[in-house]
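Structure first, then comments.
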Amino acid sequence: MHILVTGAAGYIGSMVTKSLINEGYQVIALDNLQQGHQEAVHPHAQFVEADLRDVTMLKKVLGQYPIEAVVHLAAVSFVGESVVNPQKYFQSNLVFGINLLEAMLEHNVKKLVFSSSAAVYGSPDAKQIVEGQPIVPPLNPYGETKLMFERILKRYEYAYDLQVTKADGVYTYMTGFVIVEDQITS
Ligand SMILES: NC(=O)c1ccc[n+]([C@@H]2O[C@H](COP(=O)([O-])OP(=O)(O)OC[C@H]3O[C@@H](n4cnc5c(N)ncnc54)[C@H](O)[C@@H]3O)[C@@H](O)[C@H]2O)c1
10 MHILVTGAAG
20 YIGSMVTKSL
30 INEGYQVIAL
40 DNLQQGHQEA
50 VHPHAQFVEA
60 DLRDVTMLKK
70 VLGQYPIEAV
80 VHLAAVSFVG
90 ESVVNPQKYF
100 QSNLVFGINL
110 LEAMLEHNVK
120 KLVFSSSAAV
130 YGSPDAKQIV
140 EGQPIVPPLN
150 PYGETKLMFE
160 RILKRYEYAY
170 DLQVTKADGV
180 YTYMTGFVIV
190 EDQITS
């Protein structure tokens with residue numbers, strides 16, 4: 010079974026890729042290497058150096074391999090930078106994410122794991138953040154992009170029958186395989 014992992018050369022993506030490979034999946038590991046390192050990608054993964062801004066390339070990759078699920082981890086994620094350069098964040102985390110969804114729909118790939126962030130919860134009163142607790146406005150553009158993309162995904166679930174699992178970053182690292190497994194078998 011083939012799974013596309015975006016941001017596969019990054020901190021979390023390289024670990025998710027390794028977990029998936031160890032469980033017997035064929036991983037297409039996509040990254041533009043702007044932050045990640047190709048050496049961090051498991052050697053049994055099929056590495057594709059590509060940028061999510063390039064929708065033609067994304068469609069080609071999704072057409073080239075029999076991909077059944079996507080783990081979308083590629084993002085820019087520096088809170089401070091997002092405040093001084095929000096345009097980069099809205100493009101990378103929203104526009105390029107929509108490119109990925111367009112390519113997935115064209116190739117009828119409907120299973121997606123999306124790494125959101127605890128930053129969507131702003132600065133809550135509770136000491137512990139629990140998945141699904143009421144959203145308060147994010148404090149920075151990075152958190153806003155993650156929350157906006159969650160909302161975009163809700164619309165795609167309804168309109169295009171996309172099956173989405175949302176996970177926060179560290180949680181994705183720990184459970185990336187389990188989440189994808191659930192997605193595939195459900
Ligand atoms: N690390 C954490 O603690 C944490 C916590 C919450 C959420 N997250 C989320 O998890 C995901 C992965 O985080 P990470 O810490 O591994 O980050 P990271 O920067 O190590 O990895 C992201 C990878 O995406 C790649 N990338 C970025 N833009 C791209 C593009 N346009 N096209 C192709 N590749 C691109 C980068 O080169 C990098 O390798 C992100 O979506 C992040 O928002 C991380």
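If you're matching positions, the sequence shown starts at 10 in this note's numbering and goes up one per residue.
All residues carry an ideal CB built from backbone N, CA and C; glycine is no exception.
*Starting from Thr26, follow its DSSP beta bridges and name the residues at the other end.*
As a first step, residue 26 is located in the sequence shown; it is residue number 17 there, counting from the start. None, per the DSSP bridge assignment.
*Please check the pair Pro71 and Met113, which I expect to be a contact at CB under 8 Å, by giving their CB distance rounded to whole angstroms.*
One-based indexing of the sequence shown puts residue 71 at position 62. One-based indexing of the sequence shown puts residue 113 at position 104. According to the sequence as given, residue 71 is Leu; it is not Pro. That belief holds up - the Cβ atoms of Leu71 and Met113 are roughly 6 Å apart, short of 8 Å.
*For Glu32, name the three-state secondary structure that DSSP assigns.*
The residue given as residue 32 occupies position 23 in the sequence shown. In the structure shown, Glu32 sits in coil (DSSP, three-state: anything other than H, G, I, E or B).
*What's the C-alpha gap between Glu153 and Ile107?*
The residue you call residue 153 lines up with position 144 of the sequence shown. The residue you call residue 107 lines up with position 98 of the sequence shown. Taking the straight line joining both Cα atoms gives about 15 Å.
*Could you spell out where the beta strand (DSSP E) holding Ala168 opens and where it closes?*
Position 159 of the sequence shown, counted from the first residue, corresponds to residue 168. In the DSSP assignment, Ala168 falls outside any beta strand (DSSP E) and within the unbroken alpha helix (DSSP H) covering Pro150 to Tyr169.
*Taking the runs of the beta strand (DSSP E) that are 3 residues or longer, which of them lie wholly in the segment 47-130?*
If we require 3 residues or more, the beta strand (DSSP E) runs fully inside the segment 47-130 come out as 55-58, 76-81 and 120-125.
*Counting only the same chain and skipping the five closest in sequence on each side, list residues whose C-beta sits under 7 Å from that of Thr26.*
As a working note, residue 26 is residue 17 in the sequence shown. Val14, Ala17, Val36, Ala38, Val50, His51 and Ala54.
*Straight-line CA distance for Pro150 to Ile12?*
To locate residue 150, count along the sequence shown from 1; it is residue 141. To locate residue 12, count along the sequence shown from 1; it is residue 3. Each residue's Cα considered, the two are about 29 Å apart.
*Is Val14 near ligand 1, with its Cβ less than 7 Å from a heavy atom?*
Locating residue 14 in the sequence shown gives position 5, counting from the first residue. Flag unset: Cβ of Val14 not near ligand 1.
_Inter-residue spacing [alpha-carbon to alpha-carbon] between Tyr98 and Asn31_ = Residue mapping note: residue 98 aligns to position 89 of the sequence shown, counting from 1. Residue mapping note: residue 31 aligns to position 22 of the sequence shown, counting from 1. Going by the C-alpha atoms only, they are around 33 Å apart.
*What residues match up with Ile12 in a beta bridge as DSSP calls it?*
Counting from 1 along the sequence shown, the entry for residue 12 is found at position 3. BP columns for Ile12 point to Val36 and Ala78.
*Answer with buried or exposed for Phe186, where buried requires no fewer than 16 other C-beta atoms within 10 angstroms of its C-beta.*
In the sequence shown, the residue the question calls residue 186 occupies position 177. Legend: pLDDT at Phe186 = 46, less than 50; position of this residue unreliable, value from coordinates given subsequently. Classification of Phe186: buried, given that the 10 Å Cβ count is 16 or more.
*asked:* Let me check you understand the geometry: is the CB of Tyr20 closer than 7 Å to at least one non-hydrogen atom of ligand 1?
replied: Position 11 of the sequence shown holds residue 20. At least one heavy atom of ligand 1 lies less than 7 Å from the C-beta of Tyr20.
*With respect to 7 Å, is the separation between the Cβ of Leu29 and the closest non-hydrogen atom of ligand 1 below this value?*
As a working mapping, residue 29 is identified with position 20 in the sequence shown. No - ligand 1 has no heavy atom lying nearer than 7 Å to the Cβ of Leu29.
_Span separating the alpha-carbon of Val104 from that of Gly33_ = Along the sequence shown, one-based indexing puts residue 104 at 95. Along the sequence shown, one-based indexing puts residue 33 at 24. Using only the alpha carbons, I get a separation of about 32 Å.
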